[in-house]
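Going by full-length UniProt numbering, the sequence shown opens with residue 1, and the numbers climb by one from there.
No residue lacks a Cβ here, since even glycine has one placed at the ideal position from N, Cα and C.
Quick caveat, the model's predicted, so the values are computed rather than measured.
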Amino acid sequence: MLSELVTTLQQAHRTIGALQALEAQLLSAAVTLAEEQASRRPAGTAESDLPLRSIAAELAAALRVSDRTVQRRLSDAHVAVDRFPAALAALADGRISRAHLSVIVDAGLGIDEAEARATYEARAVEKAAHETPGRLRAIVRALAEDARSRSIAQRHAEARRLRRVVVTDLDDGMAELLAVLPAALAHGIHDRLTQMAHATTKHGASAEGSDADNGHDAMAGAESGSGEGPMTDEEARDGSPAVDTDDPRSIDERRADLLCDLALTGLAHGHGDGLDAIVATVQVTVSVVTLAVGDGRPAMLTGHGPIDDDTAARLAAAAPAWDRLLADASSGAVLAVDQYRPSEDLRRFLRARDERCRFPGCGVSARRSDLDHTKDAARGGATAIENLAHLCRRHHVLKHQSAWTVEQAGGGVLRWTSPTKRIYLDSPAPVVRFVADDPPPF
């Protein structure tokens, strides 16, 4: 029964994708019609966008939506049809969803050269066929960076001038505070708030956050500095993760409360100790050559994508220790990790390899996940690289208490089998990208 339901739902999604692609083509045709009407207007005529506004109003009345909404959809559809035809075709074929298409288009808008954009688009569609939209975002940002003619340092210098904080009023006495910041700072702030939120209670998070699907560090078992130790395989089997019953607030609520405390009073109020000793943790991958000579290659901020090399160099200078990655020159896959100061070799290797929870589609950071024995240690599973992978709290429990099973397929690839016997592969993302054949500097 479940297998038939899944198959039918997949077919429905393919049909929806085909109809959404058709809708985009029709909306784009409406834009082309508006452009033709505008070209026939006398030169210098005021309100040159009147044909487009008129057509948008016509469509809005027919569809019973706002004409401003329709005009925005007209623009989005025309860009997809005109500049990203291969991605639109993939939507029509059911290979990707509209959410995937939006991620591909958003990341590729800055690629001006048609040939470079087509190359980016083909690579992005290939990746999208195997990733969720949330995971895809960082991947296509890196692909787009490779295809752009202007360096990220130049673009970042311009984008920094747009940083801001704005307030949007919501219903029920609430408001949204939006801060546009450099990515490394934004991720660092979020990570620090998360660590502090875990530290405000004895046992850490009592509920999941809302951002597990987009790659932000949220709930799921922490490592050092989070206030909560990783869940063991025994706890996952028993279904008894440690929670704090005295604090009913979710992790999201605690983060929000701490942000208000820090911004308004300069103090972090909570029930835990040692908050001032907590520092934010962000994972940045940067080549040795970039640090040494500033070759313009972007560093990669895990969960976001490319950042400028100046920011990467400043983060590296402040780091108490560096992890050095040995990677495959053709695939970028992490092969080994060492550090200039000795520490937990195995954990560091797996954090560098996995980056995130290894359940298909999950984006929770490895630093907020449990290190799980794929074959249970209690059943003879070895504590070794080929038998370990990170799972967030949600999927750690799912593995042990449901009909889902997983096995290691080699090279860090996990082969998951669902209750309906479908097979899903999850591969570690190549975090190191090579663009030249120069020998390594070490």
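Pair within 8 angstroms by beta-carbon distance, residue i and residue j
i, j, result
"Thr7", "Gly361", "no"
"Ala87", "Leu101", "yes"
"Ile111", "Arg148", "yes"
"Ala429", "Ile139", "yes"
"Pro306", "Leu2", "no"
"Gly94", "His13", "yes"
"Ala60", "Asp67", "yes"
"Arg98", "Gly17", "yes"
"Arg358", "Leu414", "yes"
"Ser48", "Arg40", "no"
Which listed residue (the options) has its alpha carbon closest to that of residue i
i, options, result
"Glu23", "Ala199, Asp308, Arg348 and Ala89", "Ala89"
"Lys375", "Gly363, Ala142 and Leu388", "Leu388"
"Arg164", "Tyr424, Arg368 and Leu177", "Leu177"
"Ile385", "Arg394, Gln401 and Arg353", "Arg353"
"Val70", "Arg367, Lys421 and Ala30", "Ala30"
"Ala399", "Gly380, Ala186, Lys421 and Asp372", "One point to set straight first is that residue 399 is Lys, not Ala, in the sequence displayed. With distances taken between Cα atoms, Lys399 lies closest to Asp372."
"Thr311", "Arg160, Ser66, His396 and Leu52", "Arg160"
"Val79", "Asp106, Arg255, Ala62 and Arg64", "Asp106"
"Val364", "Gly173, Arg141, Arg393 and Ser48", "Arg393"
"Asp370", "Ala61, Ala197 and His395", "His395"
"Arg117", "Ala403, Lys127 and Glu145", "Glu145"
"Val167", "Val180, Asp426 and Ala403", "Val180"
"Glu35", "Pro51, Gln20, Ala21 and Arg141", "Pro51"
"Tyr120", "Met196, Thr194 and Leu143", "Leu143"
"Ser75", "Pro42, Glu158, Leu33 and His156", "Leu33"
"Asp308", "Ile152, Ile55, Asp49 and Ile423", "Ile152"
"Trp197", "Arg155, Ala256 and Leu162", "It should be noted that the sequence gives Ala, not Trp, for residue 197. When each option's Cα is compared against that of Ala197, the closest is Ala256."
"Ser28", "Thr15, Ser48, Arg41 and Phe84", "Phe84"
"Ser427", "Arg254, Lys127, Gln195 and Arg73", "Lys127"
"Ile253", "Thr194, Arg351 and Ala366", "It should be noted that the sequence gives Glu, not Ile, for residue 253. Checked all of Thr194, Arg351 and Ala366; the closest Cα to Glu253 is Thr194."
Residue range of the beta strand (DSSP E) that includes residue i
i, result
"Arg164", "Arg164 to Asp169"
"Val406", "Thr405 to Gln408"
"Thr8", "No beta strand (DSSP E) contains Thr8, which is instead part of the alpha helix (DSSP H) from Leu2 to Ser39."
"Cys76", "The question names Cys, yet the displayed sequence has Asp at residue 76. Here Asp76 belongs to no beta strand (DSSP E); instead the alpha helix (DSSP H) covers Asp67 to Arg83."
"Ala153", "Per DSSP, Ala153 belongs to no beta strand (DSSP E); it is in the alpha helix (DSSP H), Ile152 to Arg160."
"Asp426", "Ile423 to Asp426"
"Thr383", "Note, Thr383: premise wrong, no beta strand (DSSP E); not H, not E."
Spatial distance of residue i from residue j (CA atoms)
i, j, result
"Gln10", "Thr265", "51 angstroms"
"Val125", "His190", "30 angstroms"
"Gly221", "Leu26", "Note that Gly221 scores 35 on pLDDT, short of 50, meaning its location in the model is unreliable and no value can be drawn from it."
"Leu91", "Asp261", "45 angstroms"
"Ala184", "Ala57", "42 angstroms"
"Ile96", "Phe349", "32 angstroms"
"Gly381", "Gly410", "15 angstroms"
"Pro241", "Met174", "Unreliable placement is indicated for Pro241, whose pLDDT of 45 sits below 50; no coordinate value is reported for it."
"Ala199", "Arg192", "11 angstroms"
"Gln401", "Arg368", "20 angstroms"
"Arg249", "Trp404", "30 angstroms"
"Glu4", "Arg64", "36 angstroms"
"Gln20", "Ala38", "27 angstroms"
"Ser407", "Leu391", "Checking the sequence shown, residue 407 turns out to be Glu, not Ser. About 13 angstroms."
"Gly270", "Leu258", "In this prediction, Gly270 scores a pLDDT of 47, lower than 50, which makes its location untrustworthy; the coordinate-derived value is nonetheless stated afterwards. For Gly270 and Leu258, the distance between alpha carbons rounds to 8 angstroms."
"Arg141", "Ile423", "28 angstroms"
"Val81", "Glu113", "16 angstroms"
"Trp416", "His130", "14 angstroms"
"Leu170", "Glu115", "44 angstroms"
"Arg150", "Pro182", "18 angstroms"
"Asp345", "Ile251", "30 angstroms"
Counterpart residues of residue i in DSSP-defined beta bridges
i, result
"Ala389", "Asp372"
"Ala299", "Ile307"
"Ala179", "Val165"
"Leu143", "BP columns for Leu143 are empty, so no partner."
"Arg415", "Glu407 and Leu425"
"Arg148", "Arg148 pairs with nothing; no bridge assigned."
"Arg356", "Ser365"
Endpoints, the alpha helix (DSSP H) within which residue i is located
i, result
"Glu115", "Ala114 to Ala128"
"Ala61", "Leu50 to Leu63"
"Glu253", "Ile251 to Thr265"
"Ala378", "Element bounds for Ala378: n/a, residue is neither H nor E."
"Gly108", "Arg98 to Gly108"
Proximity test, residue i beta-carbon vs the ligand SAM heavy atom, cut-off 7 angstroms
i, result
"Tyr424", "Among the components modelled here there is no ligand, and therefore nothing to report on the ligand SAM."
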